[in-house]
């Protein structure tokens, strides 16, 4: 395989080709841009205007909204240290979390501790329109996340609503970020954000155009992710890597600021319902596969998350067969019974599977909520 030098662009409006494009991106980079995504540009621009206004507030106003037990609110500069192995001080950024709105005594909040009320600035005294415009953006990204999940399902030869069944009450978190105007110093452990992989399902990122994001496409090989107008950047998290048995990549990334200028971004973390059972999908492991505990002791990992797949486990596909929604790119299909109730699932066949058999699951089944709580408390 040739060295990866850029992140691919997926056209969400091209249903014939998008499954193949998404599969290629997920196998090799775990990152891709999306265009023709359906989110109104004005909605994005208004959200960024509010982000600028939020972080321009006096510190005393921001401290009134400090992050609470529901993971909502303001986080201080340098509070987060994403890569202790290389960082000598915390990330040069401050943040603000917004999540699914839920009253403290609601059934949703009682069911899972990361649901709860958001913290909002005092309106109209402090930030007029902040809640309304950020809620509009948040709701647009929930809708977009569901559409991206359909593309991911199609890329895995699954019915397009395979992941949607687990996204009826998603644990969605929008994080607003402002990076300080400090030039990064990689050699001396000074970063806008340290190297890490995300531990959820997918992340959808919008930036203000200021460069800084880098992706580790091979061990210690980083490429820049330049801003492309009217696109979002999507990356896969460790949970989706588990779901695909390590075939789709959850890739480390970081922020390295080469100029002393402010940078604003809005990563949107889109996770499944908290009671979702995450286990190897039927188009990879079939319906009868069982987890082999020996794999825990034979698999090494390059990501910060010990459950994230090793890049060496990424499987290539060979051949080509028609899909329901287009054509499979470098993938061959065999029939396999599926635990998914709607219909039988096709099976992705990878090299190294004698007799075109399903893969052996590498990771034990886990409840998504329990998995996420473990990660939040690490």
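Residue numbers (this note's numbering): 15 to 392.
We put the beta carbon where it would ideally sit given N, CA and C, even for glycine.
None of the values given here were measured: they were computed from a predicted structure.
Cβ neighbours of residue i in the same chain (closer than 6 Å, five flanking residues each side left out)
{"i": "residue 115", "result": "132"}
{"i": "residue 320", "result": "Summary for residue 320: the model assigns pLDDT 42, below 50, so the residue's position carries little reliability; its value from the coordinates is reported in the next sentence. If we look at residue 320 and ignore the five residues flanking it on each side, it has no Cβ neighbours."}
{"i": "residue 326", "result": "Unreliable placement is indicated for residue 326, whose pLDDT of 36 sits below 50; no coordinate value is reported for it."}
{"i": "residue 126", "result": "288 and 383"}
{"i": "residue 195", "result": "274, 275 and 276"}
{"i": "residue 16", "result": "none"}
{"i": "residue 391", "result": "none"}
Nearest-angstrom Cβ-Cβ length linking residue i and residue j, presumed shorter than 8 Å
{"i": "residue 26", "j": "residue 49", "result": "7 Å"}
{"i": "residue 85", "j": "residue 109", "result": "The Cβ separation is near 11 Å, so there is no contact."}
{"i": "residue 91", "j": "residue 107", "result": "7 Å"}
{"i": "residue 1", "j": "residue 247", "result": "Since the first residue of the chain shown is 15 and the last is 392, residue 1 is not available in this structure."}
{"i": "residue 298", "j": "residue 261", "result": "6 Å"}
Cβ of residue i within 8 Å of any chain D Cβ
{"i": "residue 293", "result": "Of the chains in the structure shown, none is chain D; there is only one protein chain."}
Beta bridge counterpart(s) of residue i as assigned by DSSP
{"i": "residue 268", "result": "228"}
{"i": "residue 221", "result": "279"}
{"i": "residue 200", "result": "None, per the DSSP bridge assignment."}
{"i": "residue 249", "result": "45 and 217"}
{"i": "residue 210", "result": "267"}
{"i": "residue 16", "result": "Partner(s): none; residue 16 has no beta bridge."}
{"i": "residue 381", "result": "291"}
Sequence-distant residues of the same chain with beta carbon closer than 7 Å to residue i, five excluded per side
{"i": "residue 163", "result": "177, 178 and 181"}
{"i": "residue 380", "result": "292"}
{"i": "residue 57", "result": "150, 151 and 154"}
{"i": "residue 166", "result": "36 and 177"}
{"i": "residue 207", "result": "96, 105, 107, 268 and 269"}
{"i": "residue 336", "result": "For residue 336, the predicted structure reports a pLDDT of 27, less than 50, and the residue's modelled location is therefore unreliable. A value from the coordinates is still provided. So no residue of the chain qualifies."}
{"i": "residue 51", "result": "26, 158 and 246"}
{"i": "residue 117", "result": "123 and 131"}
8 Å Cβ shell around residue i - same chain, five flanking residues per side excluded
{"i": "residue 18", "result": "42, 43, 231, 232 and 237"}
{"i": "residue 72", "result": "none"}
{"i": "residue 354", "result": "At residue 354, the pLDDT of 39 sits below 50, so the modelled position is not reliable; the number obtained from the coordinates is stated separately. Closer than 8 Å at Cβ, skipping near neighbours: 172, 173, 176 and 296."}
{"i": "residue 20", "result": "237"}
{"i": "residue 140", "result": "71 and 75"}
{"i": "residue 387", "result": "127 and 128"}
Heavy atom of the ligand ADP within 7 Å of residue i beta-carbon
{"i": "residue 133", "result": "In terms of ligand content, the structure shown is empty, and the ligand ADP therefore cannot be addressed."}
Mind listing, in chain order, the continuous alpha helix (DSSP H) runs of no fewer than 4 residues lying wholly within the region 120-198? 121-125 and 144-169
Mind the definition here: the region 213-232 touches the region 142-161 only if three or more C-beta pairs lie below 8 Å; say whether that holds. yes
I'd like to know if the region 181-192 and the region 165-173 are in contact, where contact means that at least 3 CB-CB pairs between them fall below 8 Å. no
Are three or more beta carbon pairs between the region 49-66 and the region 137-154 nearer than 8 Å? yes
Within the chosen definition, does the region 198-208 reach the region 94-102 through at least 3 CB pairs nearer than 8 Å? yes
Run through the region 45-90 for me and flag every whole beta strand (DSSP E) of 3 or more residues, listed as ranges in chain order. 45-49 and 87-89
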